[in-house]
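Participant:
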Amino acid sequence: MVSATVVRGTAMAAVLVSLLTVPAHAVPGAGKPGATTVDAEAGVLPAPDITGVWNVLRGARRQGAPGAIARLDDRGAVHWAAVGVADRKSRRAISNADRFRIGSVTKIFSAVVLLQLAHEKKLKLDAPVNRYLPGLLPDDRITVRHVLSHRSGLHDYTNEMFARTVPGFEAVRSKVFTYRQLVNRSLSKPRTTRPGGAYSYSNTNFVVAGMLIEKLTGHSVRTEYQNRIIKPLELGDTFYVHPVKKIPGRHARGYLTPDTAGAALVDATEQTVSWARSAGAVISTTRDLNTFLSALLGGRLTSKAQLAQMQRWVPAGSTQAYGLGLRRRDLSCGISVYGHTGAVQGYYTYAFASKDGKRSLAALANTSNNGTVLNSMLGTLESAFCGKPVKQTKRTKRTQQRRASAPVERHEDIAPGLRVPLGHPIASDADSN
């Protein structure tokens, strides 16, 4: 059996910034039984637990991910961790320099472009989608806001597309879909809720978002991502290459877990991702994702008013809420973080930042269709933003354990009708596919 490769490190920016450890006297109530040493409203965070992040990656490796990486940027300090391999055949160690498919984190990119267009008076969030795309949707009450907050009721076509994981993927791996073809797949099924009803995650919504971007600008989403986000932030490792199947440059290969326990992992790296397009086809790195989220939450990508619109939350599960293309996760220590998860064949991504954007965490496991790994990777956020556990009363400890162990909602970034099996840890990562 070949052992996993493990890399740990810390790099400091030119101006060293010490990690912040909050003293007990700095937070009202600190030191009392059950008190937290966090003042989330004041923007004060405990020092991150870097070892805890690394241990989560090690756990994901044991649970079936060939490799896992994480990068934490915290007020000038940079921490990274990497475990396992980027390529099961060559045995190359995975690294935070590797590019990967970010899946539904793409939705933040699409939302940012539309919010910029709203600021430019080219779009009204509460206007019907059909005002801009006449006749596209069967209900004039569905607004742009409903689409961006997953409250349109549009059925997620990926329910049927990936009802069987590997056969579903192989059927679309090389296909190129138009936006309208994907929307038509959705419209062939009943809607899930009335317009403006309860949150119901659907990739269809952000396919419509892509159509809006292209109609309002006259440019491709690739051009708009490039001109409005990638170039201004100098994201040198971020790309939208659809429908090209290859990931450019150095990258981690992605491995899809079959539905049948014990079956060999499927290398899903090369694909058009045309089934997702503006809902999930961007490629990036942990560094670029942290830069992106820090800029967004720091107010560098949208106006203050549009960022506030992005953070008008609706309930989206027991420990999270959804705004406009942006997810809020409420951690066990009382801190909330902002970003998105991403699932695309072969890759699970977590990308979140603090409310002010000054601490950001991006993490990847290069596998998918493995519910155990997906849930485990949530622990990177707990360690990065809550720090090391503090002494608690039994009651508080039970409450926080319940929050921390709450499963990631199945519909977090994949269609709600799909089933994710528990992971099937691989006996040896040296076997070939």
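Throughout the sequence shown, residue numbering follows mature numbering (1 follows the signal peptide of the UniProt record, and there is no 0), covering -26 to -1, 1 to 407 in sequence. Just so you know, even glycine gets a beta-carbon here, dropped at the ideal spot from N, CA and C. Nothing here was measured: the structure is a model prediction, and the numbers come from that model.
Does the separation of the CB atoms of residue 203 and residue 143 fall below 8 Å?
Facilitator: Not in contact: residue 203 and residue 143 (Cβ atoms no closer than 8 Å).
Participant: Helix or strand or just coil, what does DSSP make of residue 121?
Facilitator: The answer is helix: DSSP assigns residue 121 an H, G or I state.
Participant: Over what stretch of residues does the alpha helix (DSSP H) that includes residue 174 continue unbroken?
Facilitator: It is not in any alpha helix (DSSP H) - residue 174 carries neither H nor E in the DSSP assignment.
Participant: Pick out whichever of 111, 63, 47 has its Cα sitting closest to the Cα of residue 183.
Facilitator: Ranking the options by Cα distance to residue 183, first place goes to 111.
Participant: Can you tell me which of 294, 293, 300 puts its alpha carbon nearest to the alpha carbon of residue 280?
Facilitator: Nearest option by C-alpha distance: 300.
Participant: What residue range does the alpha helix (DSSP H) around residue 142 cover?
Facilitator: Taken as a continuous stretch (DSSP letters only), the alpha helix (DSSP H) holding residue 142 covers 139 to 146.
Participant: Near residue -2, what residues of its chain come up, given a Cβ to Cβ distance below 6 Å and the 5 sequence neighbours on each side ignored?
Facilitator: For residue -2, the predicted structure reports a pLDDT of 28, less than 50, and the residue's modelled location is therefore unreliable. A value from the coordinates is still provided. Taken in chain order, the list of residues that qualify is empty.
Participant: Are residue 260 and residue 29 close, meaning C-beta to C-beta below 8 Å?
Facilitator: No, the pair does not count as a contact, with Cβ atoms beyond the cut-off.
Participant: What does DSSP give as the partner residues of residue 75 in its beta bridges?
Facilitator: Per DSSP, 257.
Participant: Tell me the rounded alpha-carbon separation between residue 347 and residue 192.
Facilitator: So the alpha carbons of these two residues sit roughly 40 Å apart.
Participant: Would residue 59 and residue 66 qualify as a contact pair, given that the criterion is a beta-carbon distance under 8 Å?
Facilitator: Yes, they are a contact pair.
Participant: In this structure, does DSSP put residue 309 in helix, strand or coil?
Facilitator: Looking at residue 309 - three-state DSSP - the assignment turns out to be coil, as it is neither helix nor strand.
Participant: Under three-state DSSP, which class holds residue 233?
Facilitator: Looking at residue 233 - three-state DSSP - the assignment turns out to be coil, as it is neither helix nor strand.
Participant: Report the CB separation of residue 173 from residue 130 in whole angstroms; it is logged as a contact under 8 Å.
Facilitator: With 8 Å as the limit, residue 173 and residue 130 do not qualify as a contact, their Cβ atoms being about 13 Å apart.
Participant: First and last residue of the beta strand (DSSP E) that includes residue 334?
Facilitator: Taken as a continuous stretch (DSSP letters only), the beta strand (DSSP E) holding residue 334 covers 333 to 339.
Participant: Quick one, which of 178, 332, 108 has its alpha-carbon nearest residue 273's?
Facilitator: Answer by Cα proximity: 332.
Participant: Can we say the region 335 to 342 touches the region 35 to 54, given the rule of at least three CB pairs closer than 8 Å?
Facilitator: Yes: the two stretches touch, three or more of their Cβ pairs being nearer than 8 Å.
Participant: In or out: residue 114 buried (at least 16 other Cβ within 10 Å) or exposed?
Facilitator: The residue in question, residue 114, is exposed, as its Cβ has fewer than 16 Cβ neighbours within 10 Å.
Participant: Check whether the Cβ atoms of residue 40 and residue 62 lie closer than 8 Å to each other.
Facilitator: Closer than 8 Å, so yes.
Participant: Please confirm if the region 205 to 217 is in contact with the region 89 to 103, defined as three or more CB-CB distances below 8 Å between the two stretches.
Facilitator: The region 205 to 217, when compared against the region 89 to 103, does not touch it at the 8 Å Cβ threshold.
Participant: For residue 212, collect the residues of the same chain with a Cβ closer than 6 Å to its Cβ; drop the 5 residues on either side in sequence, then sort them by chain order.
Facilitator: Here the set comprises 204, 258, 262.
Participant: Below 7 Å CB to CB, which residues in the same chain sit around residue 245 once its five sequence neighbours on both sides are set aside?
Facilitator: Same-chain partners within the cutoff: 147, 219, 319.
Participant: Looking at C-alpha atoms only, which residue of 23, 271, 243 is the closest neighbour of residue 317?
Facilitator: Of the candidates 23, 271, 243, the one whose C-alpha sits nearest the C-alpha of residue 317 is 243.
Participant: What does a CB cutoff of less than 7 Å around residue 255 pick up in its chain, not counting 5 residues either side in sequence?
Facilitator: Answer for residue 255: 80, 214, 216, 247, listed in chain order.
Participant: What first and last residue would you give for the beta strand (DSSP E) that runs through residue 54?
Facilitator: Element bounds for residue 54: 51 to 58.
Participant: For the region 265 to 317, list the alpha helix (DSSP H) runs that are entirely contained and at least 4 residues long, ordered along the chain.
Facilitator: Listed in chain order, they are 278 to 284.
Participant: Using 8 Å as the threshold, is the C-beta distance between residue 100 and residue 119 below it?
Facilitator: Yes; because the gap between Cβ atoms is below 8 Å, this pair is in contact.
Participant: Helix, strand or coil for residue 325? Go by DSSP, reduced to three states.
Facilitator: Reduced to three states, the DSSP call for residue 325 is strand.
Participant: Is it the case that the region 18 to 37 contacts the region 351 to 364, given that we only count it when at least three CB pairs across the two stretches are under 8 Å?
Facilitator: Cβ pair count under 8 Å is three or more, so yes.
Participant: Mind checking whether residue 311 and residue 355 have CB atoms under 8 Å apart?
Facilitator: Going by C-beta atoms, residue 311 is nearer than 8 Å to residue 355.
Participant: Which value, in whole angstroms, describes the spacing of the CA atoms of residue 83 and residue 199?
Facilitator: So the two alpha carbons sit approximately 7 Å from each other.
Participant: What does the alpha-carbon distance come out to for the pair residue 75 and residue 294?
Facilitator: For residue 75 and residue 294, the distance between alpha carbons rounds to 23 Å.
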